[in-house]
Amino acid sequence: MENRHKSYWGLIDSIQLAALRKELHGHIYTDVRSVAARIKSTFGVEYTHQGVVDLLNRLGFTYKKASEVP
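Here the working numbering is used: the first residue of the sequence shown is 549, the next is one more, and so on.
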């Protein structure tokens with residue numbers, strides 16, 4: 549059997565994914581909104597909040613909402 553379906557990795561290509569992964573390893577982002585803004589400014593692609601969370605999960609990152617510590 550032949551598999552004719554391509555797997556979906558998002559709106560950016562593999563080279564852009566590698567650049568994003570490198571950026572995420574080198575800089576700590578405190579919220580998804582800032583990651584989405586970085587993707588838009590760097591690659592010109594808009595992601596939704598959930599889209600960024602899904603993308604981070606596919607790249608092996610986990611998103612945890614920052615909270616204040618008393």
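Quick reminder that beta carbons are idealized off the backbone N, C-alpha and C, glycines included.
DSSP three-state assignment for residue i, whether helix, strand or coil
| i | result |
| --- | --- |
| residue 565 | helix |
| residue 615 | coil |
| residue 571 | helix |
| residue 599 | helix |
| residue 629 | Since the displayed the chain opens at 549 and closes at 618, residue 629 lies outside it and no answer follows. |
| residue 604 | helix |
Contact check, residue i vs residue j, beta carbons under 8 Å
| i | j | result |
| --- | --- | --- |
| residue 587 | residue 593 | yes |
| residue 565 | residue 604 | no |
| residue 568 | residue 595 | no |
First and last residue of the uninterrupted alpha helix (DSSP H) at residue i
| i | result |
| --- | --- |
| residue 583 | 580–591 |
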